[in-house]
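Counting in the numbering used here, the sequence shown runs from 16 upward without gaps. Here is the structure we will look at.
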Amino acid sequence: MGILELLLVALSLSMDAFAVAVCKGLGMGKINYKRGLLIALFFGFFQAFMPFIGYVLGVQFEQYIVSFDHWIAFVLLGFIGAKMMFEAFEKEKDGCCDKFSIGELFILAIATSIDALAVGITFALIAPSVGIGLSVLLIGVITFALSLVGVIIGNKFGAKYKKWAELSGGAVLCLMGLKILLEHLEIISF
């Protein structure tokens, strides 16, 4: 996995956090940049930390799954991507965005980064060419930036970008999983 693919994965993974950040921005009467930075820090940190945990777990079990690792990557990325696209069409619950607490933010950060844990396992199987350190740093920085932008957009423009973010992020993850599978089956090569 090269840097361009890693950028696409990082952007895709950040779409859940972006969508929730839009929602949190929507719930603010007047933009609160301190709160927006805190939201972005939580989402960026967890989005970077979870792939690292997944990577460590994946490396521990790599020898047992190396013969079918491409299928695991395909299923994990496809499932996460499809889930994101499906969630884009789910109806919002009333009042989900207008509250703010550190406990709730912690839960939201973990919930939006669970898919990054699975991607970390995939990283252990396909070894990003830029290394795991740069990979998790890039994922964290992109998620931080997009989450901060999401709070601002949500506050200024409302929730009209939330569905688009989840749909596009999910589609990219599905396509990345398909690409990994097709490369390992030697149907395509990049």
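C-beta: ideal position from N, C-alpha, C; glycine also.
Using 8 Å for Cβ pairs, my map puts residue i next to residue j. What's the rounded Cβ distance?
i: Gly-40; j: Ile-167; result: 6 Å
i: Val-145; j: Pro-66; result: 13 Å between Cβ atoms; not a contact.
i: Ile-125; j: Leu-72; result: 16 Å between Cβ atoms; not a contact.
i: Leu-140; j: Ile-87; result: 7 Å
i: Cys-189; j: Gly-96; result: 4 Å
i: Leu-196; j: Phe-89; result: 4 Å
Would you report the Cα separation of residue i and residue j, rounded to the nearest angstrom?
i: Val-187; j: Ser-116; result: 32 Å
i: Trp-206; j: Phe-104; result: Since the first residue shown for the chain is 16 and the last is 205, residue 206 is missing from the structure and cannot be characterised.
i: Glu-20; j: Ile-154; result: 12 Å
i: Lys-98; j: Glu-181; result: 9 Å
i: Leu-132; j: Ser-204; result: 26 Å
i: Gly-185; j: Asn-47; result: 29 Å
i: Gln-75; j: Ile-147; result: 15 Å
i: Met-191; j: Ser-128; result: 18 Å
i: Phe-57; j: Phe-64; result: 11 Å
i: Ala-32; j: Ile-18; result: 21 Å
i: Leu-23; j: Leu-163; result: 19 Å
i: Asn-170; j: Gly-118; result: 22 Å
i: Lys-194; j: Ala-36; result: 30 Å
i: Ile-80; j: Ile-202; result: 21 Å
i: Glu-198; j: Ile-122; result: 36 Å
i: Gln-62; j: Phe-172; result: 25 Å
i: Met-100; j: Lys-49; result: 31 Å
Among residues of its own chain, excluding the 5 on either side of residue i, which ones have a beta-carbon nearer than 7 Å to its beta-carbon?
i: Gly-110; result: With a pLDDT of 44 at Gly-110, under the threshold of 50, the predicted position of this residue should be treated as unreliable, and no value is reported.
i: Ala-25; result: Leu-153, Ile-154 and Ile-157
In chain order, what residues of the same chain lie with their CB nearer than 6 Å to the CB of residue i, ignoring the 5 residues before and after it?
i: Phe-159; result: Ala-55 and Gly-59
i: Asp-130; result: Ile-95
i: Gly-51; result: Leu-163 and Val-166
i: Leu-161; result: Ser-29 and Phe-33
Residues in the same chain with beta-carbon distance under 8 Å from residue i, minus the five sequence neighbours each way, listed in chain order, please.
i: Leu-200; result: His-85
i: Leu-91; result: Ala-133, Val-134, Ile-136, Thr-137 and Gly-192
i: Glu-77; result: Asp-84, Ala-139 and Leu-140
Whole runs of the beta strand (DSSP E) within the region 62 to 144, excluding any shorter than 3 residues: none
As an exercise, report each continuous alpha helix (DSSP H) stretch of at least 4 residues that is fully enclosed by the region 150 to 190, in chain order. Runs of the alpha helix (DSSP H) lying entirely within the region 150 to 190, each at least 4 residues long, are absent.
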